[in-house]
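As you go down the protein sequences, you meet chains W and Z in turn. Its first residue numbered 1, the first sequence is counted upward by one per residue in this note's numbering. Its first residue numbered 1001, the second sequence is counted upward by one per residue in this note's numbering. Cβ coordinates follow ideal geometry from the N, Cα and C atoms, glycine included. Accompanying notes for the structure given below.
2 protein chains.
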Amino acid sequence: MKVHNFSAGPSILPKEVLQESAKSTLQLKNIGMSILEISHRSIDFLNIINEAKTLTKELLDIPNTHEVLFLQGGASLQFYMSALNFCGKHKCSGFLDTGIWAKKAINEAKKVSKTIKIGSSSDKNYSYIPKNISFNEDFDYIHLTSNNTIYGTQIHSFDFINKHIKTEKLICDMSSDIFSRRIDIKNFDLIYAGAQKNLGPAGTTLIIIKKDSLTNKEDRPTYLDYRTHINKESLFNTPPVFSIYVSLLTLRWINKNGGIINIEKKNIEKSNALYNEIDRNSLFFGLVEKDDRSIMNATFDLYDQNLKRKFEELCNKERISGINGHRTTGGFRASMYNALEKESVNKLIEVMQTLENKNKK
Amino acid sequence: MKVHNFSAGPSILPKEVLQESAKSTLQLKNIGMSILEISHRSIDFLNIINEAKTLTKELLDIPNTHEVLFLQGGASLQFYMSALNFCGKHKCSGFLDTGIWAKKAINEAKKVSKTIKIGSSSDKNYSYIPKNISFNEDFDYIHLTSNNTIYGTQIHSFDFINKHIKTEKLICDMSSDIFSRRIDIKNFDLIYAGAQKNLGPAGTTLIIIKKDSLTNKEDRPTYLDYRTHINKESLFNTPPVFSIYVSLLTLRWINKNGGIINIEKKNIEKSNALYNEIDRNSLFFGLVEKDDRSIMNATFDLYDQNLKRKFEELCNKERISGINGHRTTGGFRASMYNALEKESVNKLIEVMQTLENKNKK
Chain W
1 MKVHNFSAGP SILPKEVLQE SAKSTLQLKN IGMSILEISH RSIDFLNIIN
51 EAKTLTKELL DIPNTHEVLF LQGGASLQFY MSALNFCGKH KCSGFLDTGI
101 WAKKAINEAK KVSKTIKIGS SSDKNYSYIP KNISFNEDFD YIHLTSNNTI
151 YGTQIHSFDF INKHIKTEKL ICDMSSDIFS RRIDIKNFDL IYAGAQKNLG
201 PAGTTLIIIK KDSLTNKEDR PTYLDYRTHI NKESLFNTPP VFSIYVSLLT
251 LRWINKNGGI INIEKKNIEK SNALYNEIDR NSLFFGLVEK DDRSIMNATF
301 DLYDQNLKRK FEELCNKERI SGINGHRTTG GFRASMYNAL EKESVNKLIE
351 VMQTLENKNK K
Chain Z
1001 MKVHNFSAGP SILPKEVLQE SAKSTLQLKN IGMSILEISH RSIDFLNIIN
1051 EAKTLTKELL DIPNTHEVLF LQGGASLQFY MSALNFCGKH KCSGFLDTGI
1101 WAKKAINEAK KVSKTIKIGS SSDKNYSYIP KNISFNEDFD YIHLTSNNTI
1151 YGTQIHSFDF INKHIKTEKL ICDMSSDIFS RRIDIKNFDL IYAGAQKNLG
1201 PAGTTLIIIK KDSLTNKEDR PTYLDYRTHI NKESLFNTPP VFSIYVSLLT
1251 LRWINKNGGI INIEKKNIEK SNALYNEIDR NSLFFGLVEK DDRSIMNATF
1301 DLYDQNLKRK FEELCNKERI SGINGHRTTG GFRASMYNAL EKESVNKLIE
1351 VMQTLENKNK K
């Protein structure tokens, strides 16, 4: 019986990606060796990483001014690394505080420079994206988190930043919504994203960086300097070969399925269907402001907490997995990453309706 | 036809490890999800990482004073991270310069403190381990590279360090020989090792750290502070789930095959066989001093460079893969990690003998 995997990440991957990954774990093409056994300097791996970079550039329409890197350490290492590399003459960086991940980024940046919160939704447990912001400070960069998995909020348009803030550089943690929708890459100097949502398994971190944005000439730890990896084309040291390989397979899958435009369309359809049910169903309510609802992670709860166990039992019966909310928000969270099929969303809606029918007043 | 994989790393893994990895890439046990899709907070993954830690402790006989971590970024990130965490009151660290990897470690440590080379074999292209060392400096720590893949040298006994140097702490990069032989862990404050030789696929870095060795109270970047990972038991952020899982399978394989004592015995047998042939065969010579020969990576060359192509052709015909020497040393390098079977070493010896028979003077 099929599992409907709504896990927030690491999360569901396309079935054909898993099948091809399994095959290559036994033997890559006809070379007599597993993808786990080949040298990262071999022609086989060079072809893999080069195709992964090219496909990333094509799918996201990345201009030539930007480079694509595959590193390690996740967004958690990027919090510090981005600050270290982008701290400039103003010694001041601005952050949009949209929750735990933004706060973690702020804490690491504090070790490098002054930080200012240009906006925060902490007053309402991060249930919205603060947009009325205006500052006269000169910032080295502004840092955003495009999608907030824990709360289920998402920045749908980035226009409000450039209009009201004096900054030359824009950094965005897109860990949980990269490849889920169209993004105008040229507006960003640095985008980073752990692979484990829409790209591949945990173990690699995608970096999209504007090549001429690193003007600072400071001597930095070699691994933590983006210039190292730009110069060595992500092969400064042994890269996470398998994670990059599975990412390539996922990129091929996105490409074959009509690219980002089509993926975005499907994601909007899936999330609309679930949000419509949350709003329609008399037992449930959404946890965040409607304008800022994430197309990736829908958060919701029951009016009557006494129904919680019943709902969970119904979900278990239908093998709906991973919909418990984060411990800081409670309630439920349905993560609908690219590889989650509409059928799984429909199943969840069905269960919500069953609960309603059994508990109508 | 079987490939004899002598690659220096990423390198050969046991066949049954690859088979089980492939199975779990399709579906982990009977949970209906792939190992690539499960949450790192799920009970399934917690069982995996805990068993991997326990088996590491058992196999290497690690005392309770030490902790085992699985991080990311490879030895290259450890070069800086170890210096950052272990720099102490003397602001001076000592390094045994045994080649490129040691020099890279020195370069990163220079960003943190004064560094002194307590010995170097650069005078003879790193073809031996410098052992006559004596210094009166007070060091925060001494840093060693136990096995030097590029040159084929290995530190067989660590006694010479403690006898002649005043240091309270000992750090060792064991990337290419951990799990290949018995090591007295209690003598080390920090051991680090990229997984991609004897442990698993590229993508995770094993850390063995003495818990009370970090006395320095400085505020460090969170990811780069070992205390973060000790406190969070390697789950500070999303770990490289798959790499840790495959490492666990390899640890089970080592355990099933008689543990480190037996693995060491086999490694000595394999390397003895090859070194005996190098010394016996009139066409070949070894590149390093006999006492310092590595049981993992044997480096050798032909007296007559005109035979190089013939030898390579014979190797290709027998599907012997990955024996070209590093570009800085030339010649040949046969890496004989744990998973390489004696049969493959025998095949290489056979080819060396065939070459000799065809080219006897």
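Contact with chain Z by residue i, beta-carbon distance below 7 Å
| i | result |
| --- | --- |
| residue 238/W | yes |
| residue 223/W | yes |
| residue 130/W | no |
| residue 302/W | no |
| residue 312/W | no |
| residue 63/W | no |
| residue 330/W | no |
| residue 364/W | Since the first and last residues shown for chain W are 1 and 361, residue 364/W lies out of range. |
| residue 12/W | yes |
| residue 95/W | no |
| residue 152/W | no |
Classification of residue i by the beta-carbon crowding that lies within 10 angstroms, buried from 16 upward
| i | result |
| --- | --- |
| residue 73/W | buried |
| residue 174/W | buried |
| residue 1154/Z | buried |
| residue 189/W | buried |
| residue 305/W | exposed |
| residue 1151/Z | buried |
| residue 1342/Z | exposed |
| residue 280/W | exposed |
| residue 211/W | exposed |
| residue 63/W | exposed |
| residue 317/W | exposed |
| residue 336/W | buried |
Reference residue i; option with closest CA among the options
| i | options | result |
| --- | --- | --- |
| residue 1004/Z | 1357/Z, 1351/Z, 1340/Z | 1340/Z |
| residue 156/W | 219/W, 289/W, 69/W | 289/W |
| residue 162/W | 55/W, 136/W, 36/W, 177/W | 136/W |
| residue 122/W | 99/W, 46/W, 313/W | 99/W |
| residue 1329/Z | 1109/Z, 1112/Z, 1286/Z, 1001/Z | 1286/Z |
| residue 1364/Z | 202/W, 325/W, 69/W | With chain Z running from 1001 to 1361 in the structure shown, residue 1364/Z is simply not present. |
| residue 40/W | 70/W, 169/W, 342/W, 255/W | 70/W |
| residue 176/W | 355/W, 2/W, 7/W, 360/W | 7/W |
| residue 242/W | 43/W, 49/W, 12/W, 11/W | 49/W |
| residue 1208/Z | 1170/Z, 1118/Z, 1338/Z | 1170/Z |
| residue 1111/Z | 245/W, 292/W, 309/W, 220/W | 220/W |
| residue 88/W | 142/W, 96/W, 104/W | 142/W |
Where the beta strand (DSSP E) through residue i begins and ends
| i | result |
| --- | --- |
| residue 333/W | 332 to 335 |
| residue 301/W | 297 to 302 |
| residue 66/W | 66 to 71 |
| residue 1190/Z | 1190 to 1194 |
| residue 1286/Z | 1284 to 1286 |
Proximity test, Cβ basis, 7 Å: residue i and chain W
| i | result |
| --- | --- |
| residue 1271/Z | no |
| residue 1080/Z | yes |
| residue 1296/Z | no |
| residue 1033/Z | yes |
| residue 1007/Z | yes |
| residue 1218/Z | no |
| residue 1247/Z | no |
Identity of the residues DSSP links to residue i by a beta bridge
| i | result |
| --- | --- |
| residue 145/W | 173/W |
| residue 1092/Z | 1114/Z |
| residue 97/W | 120/W |
| residue 1210/Z | 1066/Z |
| residue 1204/Z | Answer by DSSP bridge pairing: none, since residue 1204/Z is not bridged. |
| residue 133/W | DSSP lists no partner for residue 133/W. |
| residue 181/W | Answer is none; residue 181/W lacks a bridge partner. |
| residue 1222/Z | In the DSSP output, where bridge partners are listed per residue, residue 1222/Z has none listed. |
| residue 4/W | 320/W |
| residue 363/W | In the structure as shown, chain W starts at 1 and stops at 361, and residue 363/W therefore has no counterpart that could be examined. |
Opening and closing residue of the alpha helix (DSSP H) in which residue i lies
| i | result |
| --- | --- |
| residue 1246/Z | 1241 to 1256 |
| residue 87/W | Careful: residue 87/W lies outside any alpha helix (DSSP H) and carries neither H nor E. |
| residue 1275/Z | 1259 to 1280 |
| residue 1236/Z | Where residue 1236/Z is concerned, there is no enclosing alpha helix (DSSP H), given that its DSSP letter is neither H nor E. |
| residue 1317/Z | 1308 to 1317 |
| residue 52/W | 43 to 59 |
| residue 356/W | 342 to 358 |
| residue 393/W | In the structure as shown, chain W begins at 1 and stops at 361. Residue 393/W is therefore absent and cannot be evaluated. |
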